[in-house]
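Okay, so here's the structure we're looking at.
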Amino acid sequence: YKYFFRIFPTNEYWAKGQIDFVKLVVEQYKPEYKAIAWAYQDTAWPTDLTKSAKEWFQKYGLDKRLKIVAEVAYPKELVDPVPIATKLKEAGADILILNGYDEVLMILKAMKAIGYKPLIIGGGGAFAYPEFLDTMGPDAEGITVGFSCNHNWNNPIFKSLNAKYKQLYGSFIHEHAISGYSGPWIAKYAI
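Numbering (our numbering), first residue to last: 4 to 194.
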């Protein structure tokens with residue numbers, strides 16, 4: 004245990020990606036956006052990711068530009084997403100940071116049903132899997148997600164790996180598969 008190698012970035016860097024995008028949007032594309040909301044599953048990873056995003060939000064001074072109009076922590080055993088979608092819509096956020104797992108699909112569908120479509124910036128979880136696109140279909144259009152990797156990376160080694168993965172599994176390689184693949188290679192080079 005003399006050396007420790009980490010494959011995935013910490014939440015701090017995932018969160019930075021989310022807030023870097025918020026900063027870009029309000030500074031260059033949508034300066035009229037005035038309000039942001041946070042919604043997340045109240046378990047360890049989504050809670051910590053949201054905490055880190057709020058820290059970057061303050062470091063960038065975005066708290067002086069965007070008003071935080073809602074913060075909704077919801078339970079792991081979410082059954083009815085409508086109250087969450089309704090609360091977010093009533094708060095009037097232009098931007099929503101949404102961090103969670105498969106339940107985000109229910110929340111997104113509830114938001115669509117009540118006609119609420121803010122700029123959505125997701126964090127990993129269900130957003131990271133190819134099934135997200137299959138489930139959401141055209142409703143995935145415009146949703147931005149902070150990832151630790153990109154299956155469209157312009158790198159010949161990665162392109163070859165992605166093609167092999169697609170041939171075996173029928174979809175692009177997602178970030179969890181990449182970390183699983185990377186781990187043994189890091190161990191090999193370390194040894």
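The C-beta atom is built at its ideal place from N, Cα and C for all residues, glycine as well.
Less than 8 Å between the C-beta atoms of residue i and residue j, yes or no?
i, j, result
"Ala116", "Trp59", "no"
"Met109", "Leu81", "yes"
"Ile146", "Gly125", "yes"
"Ile100", "Tyr36", "no"
"Ala96", "Ala38", "yes"
"Lys169", "Phe161", "no"
"Gln44", "Lys79", "yes"
"Ala94", "Ala40", "yes"
"Leu65", "Lys33", "no"
List the DSSP bridge partners of residue i.
i, result
"Tyr77", "Gln44"
"Ile124", "Ile100 and Thr147"
Out of the options, which has the shortest C-alpha to C-alpha gap to residue i?
i, options, result
"Tyr184", "Lys5, Ile10 and Met139", "Ile10"
"Thr138", "Asp23, Glu106, Tyr172 and Glu30", "Glu106"
"Gly13", "Gly149, Ala40 and Gln61", "It is Thr, not Gly, that sits at residue 13 in the sequence shown. Looking at the Cα atoms, Gly149 is the closest of the given residues."
"Ala180", "Lys191, Lys167 and Tyr192", "Lys167"
"Ile123", "Glu15, Phe7, Val28 and Asp83", "Val28"
"Pro84", "Ala42, Gln61 and Gln31", "Ala42"
"Lys67", "Glu30, Pro86 and Gly103", "Glu30"
"Gln21", "Tyr63, Phe7 and Thr46", "Tyr63"
"His177", "Thr46, Trp156, Asn102 and Gln61", "Trp156"
"Ala56", "Ser163, Asn102 and Thr46", "Asn102"
"Tyr119", "Pro86, Gly140 and Pro159", "Pro86"
Open item on the list: Is it the case that the stretch 132-142 contacts the stretch 59-79, given that we only count it when at least three CB pairs across the two stretches are under 8 Å?
Closed with: Segment contact: the stretch 59-79 against the stretch 132-142, fewer than three CB-CB distances shorter than 8 Å; contact not assigned.
Task: the stretch 77-94 contacting the stretch 50-58, beta-carbon criterion three pairs below 8 Å - done: no
Task: Length-filtered (3 minimum) beta strand (DSSP E) runs lying within the stretch 6-75 - done: 38-44
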